[in-house]
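Counted from 1, the sequence shown has number 856 at position 10 by my numbering; the numbering is strictly sequential. Accompanying notes for the structure given below.
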Amino acid sequence: MTTRDDDFSAPPSIRLPRQYEEGLLFEKDEVIRLKVSVAGRPLPRVTWFHNGEQVTFGGRYEVNNTDKTSSLRVMEARRADRGEYQVKATNRLGEDVASFLVTITDRPLPPGKAKVLMTLGKSVTLSWTEPDDDGGCKIGNYLVEYYRFGRGTSTPQASSEPLVKRARHEQAT
847 MTTRDDDFSA PPSIRLPRQY EEGLLFEKDE VIRLKVSVAG RPLPRVTWFH
897 NGEQVTFGGR YEVNNTDKTS SLRVMEARRA DRGEYQVKAT NRLGEDVASF
947 LVTITDRPLP PGKAKVLMTL GKSVTLSWTE PDDDGGCKIG NYLVEYYRFG
997 RGTSTPQASS EPLVKRARHE QAT
């Protein structure tokens, strides 16, 4: 009995881990480790993409392919590493593509300069613009501090209500 190579041929197939469905969350400076299952015969060629651009290996990027998996490691995650990651497997019988989202969290940038909208007695109404980068998470509230001349320290006084862009804060005496 003889067999042909075609009897054992299969187009590429990529399987993502279940946790990738909701997207992955990493912190700034953490190592991003991405791993997918890959099948196909002949063995597929695997290519990784980030936001539509092919990932160039070296530096912070490292790839490891085996007969059954492909892994991408990104050292020292940065906010610029967030977005859509795609993995593409190709052989002579076709190709398969899978994608998922990666979020990188970091400290948000400071909000825009505060403006005094109104003062009344010991109360003040402040306004500010949202930061250019929220750090990858919704900002729930802000902490308002003030500086009293002669005391040499900043004193926390109040925080805004969750998700309120303008809030009224009373100065403690």
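Built from N, CA and C at the ideal position, the CB exists for glycine as well. The model shown is predicted, which means the values in this text are computed figures rather than measured ones.
Return yes when the Cβ of residue j is within less than 8 Å of the Cβ of residue i, no when it is not.
i    : j    : result
P957 : T975 : yes
D979 : A923 : no
K934 : V943 : yes
G982 : R928 : yes
P863 : R938 : no
Could you tell me which of the options sits nearest to residue i, measuring between CA atoms?
i    : options                : result
G834 : L939, P954, T936       : No statement about residue 834 is possible, as the shown extent of the chain runs from 847 to 1019 and does not include it.
F872 : R906, F895, D952       : D952
R861 : V882, V877, L918, E868 : V882
L918 : R925, V948, T936       : V948
D913 : R879, F895, S859       : S859
V877 : G886, T893, T936, R925 : R925
A960 : W894, S973, Y907, L880 : S973
Measure the alpha-carbon distance for residue i versus residue j and round it to whole angstroms.
i     : j    : result
V884  : Y988 : 46 Å
P977  : P890 : 44 Å
K1011 : N910 : In this predicted model, K1011 has a pLDDT of only 46, less than 50, meaning its place in the structure is not dependable; the value taken from the coordinates is given anyway. If you take the alpha carbons of K1011 and N910, they lie about 46 Å apart.
F991  : I950 : What sits at residue 991 in the sequence shown is Glu, not Phe. One C-alpha to the other measures close to 28 Å.
V892  : E868 : 23 Å
R879  : W894 : 13 Å
Would you please state the rounded distance, in angstroms, between the beta carbons of residue i and residue j? I believe it to be under 8 Å.
i    : j    : result
S945 : Q932 : 4 Å
N897 : E930 : 6 Å
Does residue i come within less than 8 Å of chain C when only Cβ atoms are used?
i    : result
D980 : Of the chains in the structure shown, none is chain C; there is only one protein chain.
Next on the checklist: Tell me whether the region 854 to 873 and the region 894 to 901 touch, counting them as touching only if at least three CB pairs, one residue from each stretch, are closer than 8 Å.
Outcome noted: Result no; under three Cβ-Cβ pairs closer than 8 Å.
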